[in-house]
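Notes follow the structure.
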Amino acid sequence: MGTNSLHVLKGINFNVKEGELVSIMGSSGSGKSTLLNILGMLDEADEGSYTLDNVPIKNLNEKIAANYRNKFLGFIFQSFNLINYKSALDNVALPLYYQGVNRKDRIEKAMHYLDKVGLAPWSHHLPNELSGGQKQRVAIARALASDPKVLLADEPTGALDTKTSNEVMELIQGINDEGKTILLVTHEPDIARMTKRIVNLKDGVIIDDNFVEQVRANQYV
Amino acid sequence: MFNIERWQEIFESLSKNKLRTFLTGLSVASGIFILVILLGFSSGIQNGVTSQFERDAANSISVWTGVTTKEYKGLNPGRRIQLKNQDFNDIVDKYDDHLEFKSPFYTIWGGLVNYKNESGNYRIQGVLPDNQFIENADISQGRFLNHSDVVGAKKVAVIGNKVSQDLFKGQDPINKDISLYGINFKVIGVFYDPGGERDESKVMMPITTAQKAFNGGNNIRNMTYTVKMSDNFDEAVKLSEQISLGIENDLKQTHIIAPDDISAINVNNTLEEARKIYSLVDTIKAVFWFVGIGTIIAGIVGVGNIMLIIVKERTKEIGIRKALGAVPMSIVGMILQESIFVTMFSGLFGLIAGLGLLEVIGPLIESDFIKYPQVDFNTALITVFVLVSAGAIAGFIPAYRAAKIKPIIALRDE
Numbered sequence: 541m542g543t544n545s546l547h548v549l550k551g552i553n554f555n556v557k558e559g560e561l562v563s564i565m566g567s568s569g570s571g572k573s574t575l576l577n578i579l580g581m582l583d584e585a586d587e588g589s590y591t592l593d594n595v596p597i598k599n600l601n602e603k604i605a606a607n608y609r610n611k612f613l614g615f616i617f618q619s620f621n622l623i624n625y626k627s628a629l630d631n632v633a634l635p636l637y638y639q640g641v642n643r644k645d646r647i648e649k650a651m652h653y654l655d656k657v658g659l660a661p662w663s664h665h666l667p668n669e670l671s672g673g674q675k676q677r678v679a680i681a682r683a684l685a686s687d688p689k690v691l692l693a694d695e696p697t698g699a700l701d702t703k704t705s706n707e708v709m710e711l712i713q714g715i716n717d718e719g720k721t722i723l724l725v726t727h728e729p730d731i732a733r734m735t736k737r738i739v740n741l742k743d744g745v746i747i748d749d750n751f752v753e754q755v756r757a758n759q760y761v
Numbered sequence: 051m052f053n054i055e056r057w058q059e060i061f062e063s064l065s066k067n068k069l070r071t072f073l074t075g076l077s078v079a080s081g082i083f084i085l086v087i088l089l090g091f092s093s094g095i096q097n098g099v100t101s102q103f104e105r106d107a108a109n110s111i112s113v114w115t116g117v118t119t120k121e122y123k124g125l126n127p128g129r130r131i132q133l134k135n136q137d138f139n140d141i142v143d144k145y146d147d148h149l150e151f152k153s154p155f156y157t158i159w160g161g162l163v164n165y166k167n168e169s170g171n172y173r174i175q176g177v178l179p180d181n182q183f184i185e186n187a188d189i190s191q192g193r194f195l196n197h198s199d200v201v202g203a204k205k206v207a208v209i210g211n212k213v214s215q216d217l218f219k220g221q222d223p224i225n226k227d228i229s230l231y232g233i234n235f236k237v238i239g240v241f242y243d244p245g246g247e248r249d250e251s252k253v254m255m256p257i258t259t260a261q262k263a264f265n266g267g268n269n270i271r272n273m274t275y276t277v278k279m280s281d282n283f284d285e286a287v288k289l290s291e292q293i294s295l296g297i298e299n300d301l302k303q304t305h306i307i308a309p310d311d312i313s314a315i316n317v318n319n320t321l322e323e324a325r326k327i328y329s330l331v332d333t334i335k336a337v338f339w340f341v342g343i344g345t346i347i348a349g350i351v352g353v354g355n356i357m358l359i360i361v362k363e364r365t366k367e368i369g370i371r372k373a374l375g376a377v378p379m380s381i382v383g384m385i386l387q388e389s390i391f392v393t394m395f396s397g398l399f400g401l402i403a404g405l406g407l408l409e410v411i412g413p414l415i416e417s418d419f420i421k422y423p424q425v426d427f428n429t430a431l432i433t434v435f436v437l438v439s440a441g442a443i444a445g446f447i448p449a450y451r452a453a454k455i456k457p458i459i460a461l462r463d464e
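Heads up: the sequence lines are chains W and G, in that order. If you use the numbering used here, the first sequence corresponds to residues 541 to 761, in order. If you use the numbering used here, the second sequence corresponds to residues 51 to 464, in order.
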């Protein structure tokens, strides 16, 4: 972090409707991660407005940002970001803890989502006892647990091999089929083609934004 | 605070780092342990000193004489100064307003005392009834000397508990006759003295009787007065200092002694001594607190340091928690609670260990100057309070830092 400021995004204007599955593409330095961080309220834009579910997101203090993240957003990271001393089940239950759900309900709900990603038998395993694909599925279950409006996935398949990537994408497509809005950052065209809309970023501006024919991941599995 | 989940997290993170937890705990525990031991001993010293002063009245002025060392007004040095009844009475008359108890002494060191076939050598003292209060003596049987004993120069004696045990072997000594150099005295009382066996190996009788029976004329060996205490300790010290000085000067004048002769007249003022020793005790106490608190501060800094490392190590985890919706307060609470828990637990451990040690070795200490080393309840409470606040202080800066961590930076892939 230097004192030099760098304009990363130079005017982005786009809307995502409920139920969309959008991929944001671009080479490194194109500003795609910055965009996602702003959408995820982990970062704030210098200018412009951002409205999520008719709620203007601005002037956030830490506490409000935390509450919005908890209520509206689910994150999926490239490196999974599971807490390594907590079991899969406790990891999934963590956002619910911050929502103030009581322990019994937390465990029940977390178990439901673990089951949904097919990891119910691994619920008491620690992250380092799971494979990469399993870890990402735990992370997806965790992102879903708080029942967010939007899922933000930052290179969700970046650390996975092709086969596992396809499995994870199949899961993401399934979640989208159920109506969840998902934004996904990737630089892999194969992965982008599995979404319904591709936004291409270059040097901080959108160079094209197209709806595409979705490739179902299950045909590769 | 009473959230099971949070406690589980604390225990998880502590048990994952057993060595680190142990070392942190050890520094706090040993700090408190040392503080408790130091405080225990400072109270032990205080108890010891206080009990030293309980032997006799603490506010007494004793006067005894020696030999002149300086030539004065044509009188040669080497003169032995002899106190007379008149000296005693003059002082009583002059300082009556300020004196409470007064007694002259005519003493025979190691006088032979017989009862039937039993005998022993004891200190024989002719005194006034006031001496009971000067010596802090308690009457266990019979009575002490009274005014009519003195006026009538009655042949009565009050014997110390040790004398009673030695000569009477458990029999009731009251109204029995003991013989001192062939003269019979009736025992009218037995006394205890907080000064212990040494002070209880005495036989006391009216001064008038002693002077008559042992050819004392109107000689006295020494005399003791107690000064009326005022509420203000410093004032009392000043007053008794003035009186001591006055007595010394008066006696030097009547006995024609050089004003700068320091060995002819000795005036000992216990209050002045007491003040010196009490201020020494206060100093010791202050030093002990200082050292103890210094040790605790070292412990706290250790905890703070380790909490900072913990926060650093958990940066990523804290970032994840924040991304999942943890508000800054809950992060502060988590770190703070962990730090308070560690200091509290190890501190209490040190406290109990320290108290336990004092409890065990306290009775084994055989020293006149250290008695019953212990830490009173209030001090223990203060230490616990210090602990909790220490834990809070030690945890606060790291917790504040943790709350400031930006999730975007914490989550950046290395």
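Glycine is no exception: its CB is placed at the ideal position from the N, C-alpha and C atoms.
Residue i and residue j: beta carbons closer than 8 angstroms?
{"i": "residue 757 of chain W", "j": "residue 709 of chain W", "result": "yes"}
{"i": "residue 272 of chain G", "j": "residue 155 of chain G", "result": "yes"}
{"i": "residue 376 of chain G", "j": "residue 606 of chain W", "result": "yes"}
{"i": "residue 243 of chain G", "j": "residue 185 of chain G", "result": "yes"}
{"i": "residue 634 of chain W", "j": "residue 682 of chain W", "result": "yes"}
{"i": "residue 113 of chain G", "j": "residue 297 of chain G", "result": "yes"}
{"i": "residue 160 of chain G", "j": "residue 421 of chain G", "result": "no"}
{"i": "residue 404 of chain G", "j": "residue 82 of chain G", "result": "yes"}
{"i": "residue 286 of chain G", "j": "residue 321 of chain G", "result": "yes"}
{"i": "residue 214 of chain G", "j": "residue 240 of chain G", "result": "yes"}
{"i": "residue 445 of chain G", "j": "residue 390 of chain G", "result": "yes"}
{"i": "residue 385 of chain G", "j": "residue 452 of chain G", "result": "yes"}
{"i": "residue 580 of chain W", "j": "residue 692 of chain W", "result": "yes"}
If you reduce the DSSP assignment to three classes, tell me which class residue i lands in.
{"i": "residue 726 of chain W", "result": "strand"}
{"i": "residue 462 of chain G", "result": "coil"}
{"i": "residue 357 of chain G", "result": "helix"}
{"i": "residue 693 of chain W", "result": "strand"}
{"i": "residue 737 of chain W", "result": "strand"}
{"i": "residue 602 of chain W", "result": "helix"}
{"i": "residue 132 of chain G", "result": "coil"}
{"i": "residue 618 of chain W", "result": "coil"}
{"i": "residue 419 of chain G", "result": "coil"}
{"i": "residue 596 of chain W", "result": "strand"}
{"i": "residue 283 of chain G", "result": "helix"}
{"i": "residue 170 of chain G", "result": "strand"}
{"i": "residue 115 of chain G", "result": "strand"}
{"i": "residue 413 of chain G", "result": "helix"}
Does the CB of residue i have a neighbour CB from chain W at under 8 angstroms?
{"i": "residue 372 of chain G", "result": "yes"}
{"i": "residue 66 of chain G", "result": "yes"}
{"i": "residue 461 of chain G", "result": "yes"}
{"i": "residue 54 of chain G", "result": "yes"}
Does the beta carbon of residue i come closer than 8 angstroms to any beta carbon on chain G?
{"i": "residue 653 of chain W", "result": "no"}
{"i": "residue 687 of chain W", "result": "no"}
{"i": "residue 669 of chain W", "result": "no"}
{"i": "residue 617 of chain W", "result": "yes"}
{"i": "residue 609 of chain W", "result": "yes"}
{"i": "residue 606 of chain W", "result": "yes"}
{"i": "residue 696 of chain W", "result": "no"}
{"i": "residue 593 of chain W", "result": "no"}
{"i": "residue 621 of chain W", "result": "yes"}
{"i": "residue 582 of chain W", "result": "yes"}
{"i": "residue 723 of chain W", "result": "no"}
{"i": "residue 577 of chain W", "result": "yes"}
{"i": "residue 596 of chain W", "result": "no"}
{"i": "residue 703 of chain W", "result": "no"}
Mind checking if residue i is an interface residue toward chain B, Cβ cutoff 8 angstroms exclusive?
{"i": "residue 363 of chain G", "result": "No chain B is present in this structure, whose protein chains are W and G."}
Cutting at 6 angstroms between CB atoms, please list the residues of its own chain near residue i, excluding the five before and the five after it.
{"i": "residue 425 of chain G", "result": "86, 89 and 90"}
{"i": "residue 74 of chain G", "result": "353, 356 and 392"}
{"i": "residue 731 of chain W", "result": "697"}
Which whole-angstrom value is the C-beta distance of residue i and residue j, which I expect to be below 8 angstroms?
{"i": "residue 306 of chain G", "j": "residue 176 of chain G", "result": "Incorrect: roughly 27 angstroms between the Cβ atoms, too far for contact."}
{"i": "residue 228 of chain G", "j": "residue 238 of chain G", "result": "At roughly 11 angstroms, the Cβ-Cβ gap does not stay under 8 angstroms, so residue 228 of chain G and residue 238 of chain G are not in contact."}
{"i": "residue 593 of chain W", "j": "residue 689 of chain W", "result": "5 angstroms"}
{"i": "residue 217 of chain G", "j": "residue 246 of chain G", "result": "In fact, because the Cβ distance is near 19 angstroms, the residues do not count as touching under 8 angstroms."}
{"i": "residue 131 of chain G", "j": "residue 317 of chain G", "result": "Residue 131 of chain G to residue 317 of chain G, Cβ: 13 angstroms. No contact."}
By Cβ distance below 8 angstroms, which residues in the same chain neighbour residue i in space, the five residues on each side in sequence not counted?
{"i": "residue 266 of chain G", "result": "156, 176 and 260"}
{"i": "residue 300 of chain G", "result": "140, 141 and 144"}
Could you name the residues of the same chain whose beta carbon sits closer than 7 angstroms to that of residue i, not counting the 5 residues immediately before and after it, in chain order?
{"i": "residue 346 of chain G", "result": "81, 82, 85, 436 and 440"}
{"i": "residue 30 of chain G", "result": "Since the displayed chain G opens at 51 and closes at 464, residue 30 of chain G lies outside it and no answer follows."}
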